[in-house]
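J.: Residue numbers (this note's numbering), protein chains in the order written: chain A, 7 to 166; chain B, 114 to 291. All residues carry an ideal CB built from backbone N, CA and C; glycine is no exception.
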Amino acid sequence: MDTLFLYVLAAAGLALSLFKDRAKTRMALKKAWKAFEGILPQFLAVLFLVAAALAVLDTATISRYLGKGSGFLGILGASFVGAITLIPGFVAFPAAAALLKGGAGATQIAAFVSSLMMVGVVTLPMEMKFFGRQAALLRNALAWLFSIAAAFFVGWAVSL
Amino acid sequence: MKPLLKRYAGAAAAALAFAAFVLLFPAWRGKALDSMVFQTKTMLLVIPPIFILLGLLDAWVPREKMIRYMGEGSGLKGRVLAFLLGSFAAGPLYGAFPFAAVLMKKGAAFSNILIFIGAWSTTKIPMLLFEMAALGKRFALSRLAVDIVGIAVIAWAIELALPRKEVDRLYAEAEKTE
Numbered sequence: 007m008d009t010l011f012l013y014v015l016a017a018a019g020l021a022l023s024l025f026k027d028r029a030k031t032r033m034a035l036k037k038a039w040k041a042f043e044g045i046l047p048q049f050l051a052v053l054f055l056v057a058a059a060l061a062v063l064d065t066a067t068i069s070r071y072l073g074k075g076s077g078f079l080g081i082l083g084a085s086f087v088g089a090i091t092l093i094p095g096f097v098a099f100p101a102a103a104a105l106l107k108g109g110a111g112a113t114q115i116a117a118f119v120s121s122l123m124m125v126g127v128v129t130l131p132m133e134m135k136f137f138g139r140q141a142a143l144l145r146n147a148l149a150w151l152f153s154i155a156a157a158f159f160v161g162w163a164v165s166l
Numbered sequence: 114m115k116p117l118l119k120r121y122a123g124a125a126a127a128a129l130a131f132a133a134f135v136l137l138f139p140a141w142r143g144k145a146l147d148s149m150v151f152q153t154k155t156m157l158l159v160i161p162p163i164f165i166l167l168g169l170l171d172a173w174v175p176r177e178k179m180i181r182y183m184g185e186g187s188g189l190k191g192r193v194l195a196f197l198l199g200s201f202a203a204g205p206l207y208g209a210f211p212f213a214a215v216l217m218k219k220g221a222a223f224s225n226i227l228i229f230i231g232a233w234s235t236t237k238i239p240m241l242l243f244e245m246a247a248l249g250k251r252f253a254l255s256r257l258a259v260d261i262v263g264i265a266v267i268a269w270a271i272e273l274a275l276p277r278k279e280v281d282r283l284y285a286e287a288e289k290t291e
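1) Hey, would you say L169 of chain B sits closer than 7 Å to A147 of chain A, going by beta carbons?
2) Starting from the Cα of L144 of chain A, find the closest Cα among B:R256, B:A253, B:E279 and give me that residue.
3) Going along chain A, which residues have a C-beta under 7 Å from K101 of chain B?
4) With a CB to CB cut of under 8 Å and the five nearest residues on each side skipped, what residues in its chain are close to R181 of chain B?
5) What first and last residue would you give for the alpha helix (DSSP H) that runs through P162 of chain B?
6) Identify whether I228 of chain B lies in helix, strand or coil by the three-state DSSP scheme.
7) Please name the residues in the stretch 166-180 of chain B whose beta-carbon is closer than 9 Å to at least one beta-carbon of chain A, in chain order.
8) Is the beta carbon of A145 of chain B sitting closer than 7 Å to the one on V159 of chain B?
9) With distances taken between CB atoms, is the gap from I90 of chain A to A61 of chain A smaller than 7 Å?
10) Please classify S120 of chain A: is it buried, with 16 or more other beta-carbons within 10 angstroms of its beta-carbon, or exposed?
11) For E133 of chain A, does the count of other Cβ atoms within 10 angstroms reach 16, so buried, or fall short, so exposed?
12) Against chain B, which members of the stretch 129-157 of chain A pass a CB distance test of less than 7 Å?
13) For D27 of chain A, is the beta carbon positioned less than 6 Å from some heavy atom of the ligand FAD?
14) Please list, in chain order, the chain B residues whose beta carbon lies closer than 8 Å to that of I90 of chain A.
15) Taking the alpha carbon of G191 of chain B as the reference point, which residue from B:A222, B:V174, B:S200, B:G204 has its own alpha carbon closest?
16) Give the DSSP-derived three-state secondary structure of K37 of chain A in the structure shown.
17) In angstroms, rounded to a whole number, what distance separates the CA positions of G204 of chain B and A17 of chain A?
18) Suppose you measure from the CA of K219 of chain B to the CA of A142 of chain A; what does that come to, to the nearest Å?
19) Going by CA-CA distance only, name the one from A:L166, A:K40, A:E43, A:G80 that's closest to R251 of chain B.
20) Which residue comes first and which comes last in the alpha helix (DSSP H) that contains G188 of chain B?
21) Taking C-beta pairs closer than 7 Å, name the residues in chain B that F159 of chain A reaches, listed in chain order.
22) Give me the Cα-Cα distance between T9 of chain A and L242 of chain B, rounded to the nearest whole angstrom.
23) Please check if any C-beta of chain B sits within less than 7 Å of the C-beta of L24 of chain A.
24) If you pair each beta-carbon of the stretch 44-56 of chain A with each one of the stretch 24-32 of chain A, do three or more pairs fall below 8 Å?
25) What does F86 of chain A touch in chain B if you count any residue whose Cβ is under 9 Å from its own?
26) With 7 Å as the threshold, decide whether the Cβ of A41 of chain A is near any Cβ in chain B.
27) Helix, strand or coil, according to DSSP, for E185 of chain B in the structure here?
28) Considering L130 of chain A, what are the terminal residues of the alpha helix (DSSP H) in which it resides?
29) Closest by CA to A122 of chain B, which one among A:F158, A:L105, A:P131?
Printed below as a string of structure tokens:
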């Protein structure tokens, strides 16, 4: 659904640009292509990493980490798994909902969802290309710590 | 630009590692190949519009405007704009990085870039609606509330911890990409 929104936005922008200035539009597309080609090697590397990571860490495996009464270790494990995997939200949310119904704790699920979105271990090669090693590692480390703190807050808010 | 072979060395190494993984672990073979196909599809679907928008932004938004709206000294307005820009985006986080590079090249402040990345990663509006439906309003909204704080704190901490020299280097690097 959100991808469709992106396409509509891009098509509208492109049409407007074409209407206003043909040469500039050509330049924009050239820049788009150059930016894409610039990052393509990292894209490909990430693709292979993600495919392997997702094969090992499927939802069945994940649910084992988030089970009932898994406590702080469960939260830690959940945030760890979330940090490594790269699952789109429309796949992750229904899975998380099923886990929640199956007895997983809201805190564990929140740790998983938050780290899934904010931390990207497999996309680090790409992030480093644009932000450098220092900033990329720092961002991911902070986001990981934060996802644990956020999980406690969400777990508390849900239990109210 | 570096020679083609050198640029793709990392990707080739990842491909070899993946091939070895698939050959050595038959138990995970099917799933690995399935997720490979799925991830490739997602990327092919998501990439074209993101890069077209990035190209349009690069071609049409003049540097002075970007500095005025999102540069150093753009204050709260710049922060809110960075946050909204990230929140209205769609697609996985890896789409945000090239986009952020264009914002940097145009002169957006580093703290605003960090807010943009944070918002893109976790407060996307279409995703929020979906999260509310799947995990409940209380879960989704409390996560949103704490995430807004987290994005600000993380941006502030990175800005504080990263030496000015490194930030300047990143901007010079972004400048180089055409």
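T.: Walking through what the data contain:
1) What you label residue 169 of chain B is simply residue 56 of the second sequence in a count that begins at 1. What you label residue 147 of chain A is simply residue 141 of the first sequence in a count that begins at 1. One thing to note: L169 of chain B has its Cβ no nearer than 7 Å to the Cβ of A147 of chain A.
2) As a position in the first sequence, residue 144 of chain A is number 138, starting the count at 1. Checking every option, the nearest Cα to that of L144 of chain A belongs to B:E279.
3) This structure cannot speak to residue 101 of chain B, because chain B is shown only from 114 to 291.
4) As a position in the second sequence, residue 181 of chain B is number 68, starting the count at 1. These residues qualify, in order along the chain: S187.
5) Counted from its first residue, the second sequence places residue 162 of chain B at position 49. P162 of chain B -> alpha helix (DSSP H) spans 139-173.
6) Walking along the second sequence from the start, residue 228 of chain B turns up at place 115. I228 of chain B carries a helical assignment under DSSP once its states are collapsed to helix, strand and coil.
7) L166, L167, G168, L169, L170, D171, A172, W173
8) Counted from its first residue, the second sequence places residue 145 of chain B at position 32. Counted from its first residue, the second sequence places residue 159 of chain B at position 46. No, these two residues do not count as a Cβ contact at 7 Å.
9) As a first step, residue 90 of chain A is located in the first sequence; it is residue number 84 there, counting from the start. As a first step, residue 61 of chain A is located in the first sequence; it is residue number 55 there, counting from the start. In this structure, A61 of chain A does not lie closer than 7 Å to I90 of chain A by Cβ.
10) As a first step, residue 120 of chain A is located in the first sequence; it is residue number 114 there, counting from the start. Looking at its Cβ environment, which holds 16 or more other Cβ atoms inside 10 Å, S120 of chain A is buried.
11) Position 127 of the first sequence, counted from the first residue, corresponds to residue 133 of chain A. It is buried - the Cβ of E133 of chain A has at least 16 other Cβ atoms within 10 Å.
12) T129, P131, M132, E133, F136, F137, G138, Q140, A141, L144, R145, L148, A149, F152, A156
13) The ligand FAD is absent from the structure shown, which contains no ligand whatsoever.
14) Against the first sequence, residue 90 of chain A aligns to sequence position 84. The contacting residues do not exist; I90 of chain A stays about 13 Å from chain B at best.
15) Position 78 of the second sequence, counted from the start, is the residue given in the question as residue 191 of chain B. Checked all of B:A222, B:V174, B:S200, B:G204; the closest Cα to G191 of chain B is B:A222.
16) One-based indexing of the first sequence puts residue 37 of chain A at position 31. Reduced to three states, the DSSP call for K37 of chain A is helix.
17) Position 91 of the second sequence, counting from 1, holds the residue named residue 204 of chain B. Position 11 of the first sequence, counting from 1, holds the residue named residue 17 of chain A. Between G204 of chain B and A17 of chain A, the C-alpha separation is close to 16 Å.
18) Position 106 of the second sequence, counting from 1, holds the residue named residue 219 of chain B. Position 136 of the first sequence, counting from 1, holds the residue named residue 142 of chain A. Roughly 21 Å between the two C-alpha positions.
19) Against the second sequence, residue 251 of chain B aligns to sequence position 138. The shortest C-alpha separation from R251 of chain B is found at A:L166.
20) Residue numbering aside, residue 188 of chain B sits at position 75 when the second sequence is read from its first letter. Element bounds for G188 of chain B: 188-200.
21) Here residue 159 of chain A refers to the residue found at position 153 when the first sequence is read from its first residue. Residues of chain B passing the Cβ test: S255, V259.
22) As a working mapping, residue 9 of chain A is identified with position 3 in the first sequence. As a working mapping, residue 242 of chain B is identified with position 129 in the second sequence. One C-alpha to the other measures close to 15 Å.
23) Position 18 of the first sequence, counting from 1, holds the residue named residue 24 of chain A. For L24 of chain A, the answer is no, since every Cβ of chain B falls outside 7 Å of its Cβ.
24) no
25) In the first sequence, the residue the question calls residue 86 of chain A occupies position 80. Ordered by position in chain B, no residue passes the 9 Å Cβ test against F86 of chain A, which lies about 17 Å from the chain.
26) By one-based count along the first sequence, residue 41 of chain A stands at place 35. Yes, its Cβ sits closer than 7 Å to a Cβ of chain B.
27) Indexing the second sequence from 1 puts residue 185 of chain B at position 72. In this structure, E185 of chain B counts as coil in the three-state DSSP scheme.
28) Translated into the one-based positions of the first sequence, residue 130 of chain A becomes position 124. It spans 130-165 - the alpha helix (DSSP H) in which L130 of chain A sits, taken as one unbroken run.
29) Residue mapping note: residue 122 of chain B aligns to position 9 of the second sequence, counting from 1. Shortest Cα-Cα distance from A122 of chain B to any of A:F158, A:L105, A:P131 involves A:P131.
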